[in-house]
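Residue numbers (my numbering): 9 to 122.
From the three backbone atoms N, C-alpha and C, an ideal C-beta is built for every residue, glycine too.
A quick note: this is a predicted structure, and the numbers were derived from the prediction, not measured.
Note sheet for the following structure.
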Amino acid sequence: MSDPLQVVISREANSNQASYPPIHVTSPIIFSEWNKLVSSVNLDIFQKLDDRIGCPDCADGGAEWIQVDWNNGSKRVTFENGRTVQDLEELILTMRQIRQIYLSLSEKGSFSKK
Numbered sequence: 009m010s011d012p013l014q015v016v017i018s019r020e021a022n023s024n025q026a027s028y029p030p031i032h033v034t035s036p037i038i039f040s041e042w043n044k045l046v047s048s049v050n051l052d053i054f055q056k057l058d059d060r061i062g063c064p065d066c067a068d069g070g071a072e073w074i075q076v077d078w079n080n081g082s083k084r085v086t087f088e089n090g091r092t093v094q095d096l097e098e099l100i101l102t103m104r105q106i107r108q109i110y111l112s113l114s115e116k117g118s119f120s121k122k
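Here it is as structure tokens:
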């Protein structure tokens, strides 16, 4: 589980592909971005979702996931890359925006890749 004000971003191929090395970035997240994420999560809806929605990784389409960690557990929802999930549209859009910012910063060397 990550510390409360951290974001963990991962990008990896579904097989060992040298041309697509995995990227894992753990970084502090600014308070306003954290609040934006937290306010866009409806925990009641999120907890009721299936763990897998649609057909992620079918036909090499890729997959995305959202994982929320609590003190006493976690839940991960995996869905098709580039798609949204009903009732999570705002959260997914916000996470994609934040992910792009942090991946760009890591590529520029602002954060260390693990």
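What are the boundary residues of the alpha helix (DSSP H) that includes Glu88? It is not in any alpha helix (DSSP H) - Glu88 instead sits in the beta strand (DSSP E) that spans Gly81 to Glu88.
Compare the beta carbon distance of Lys44 and Thr102 with 8 Å and say whether it is the shorter of the two. yes
Decide if Val46 is buried, meaning its Cβ has at least 16 other Cβ atoms within 10 Å, or exposed. exposed
DSSP has Trp78 in a bridge; who is on the other side? For Trp78, the beta-bridge partners assigned by DSSP are Gly81.
For Gln25, does the count of other Cβ atoms within 10 angstroms reach 16, so buried, or fall short, so exposed? exposed
Give me the Cα-Cα distance between Met39 and Leu13, rounded to the nearest whole angstrom. Residue identity check: residue 39 is Phe in the sequence provided, not Met. So the two alpha carbons sit approximately 7 Å from each other.
Under the assumption that Leu96 contacts Arg19 (Cβ atoms under 8 Å), give the Cβ distance between them as a whole number of angstroms. No, Leu96 and Arg19 are not in contact; Cβ-Cβ is about 20 Å, not under 8 Å.
I need the boundaries of the beta strand (DSSP E) containing Ile138, first residue and last residue. Since the first and last residues shown for the chain are 9 and 122, residue 138 lies out of range.
What is the DSSP secondary structure of Arg60, counted as helix, strand or coil? DSSP places Arg60 in strand when its eight states are reduced to three.
What's the C-alpha gap between Cys66 and Trp42? 32 Å
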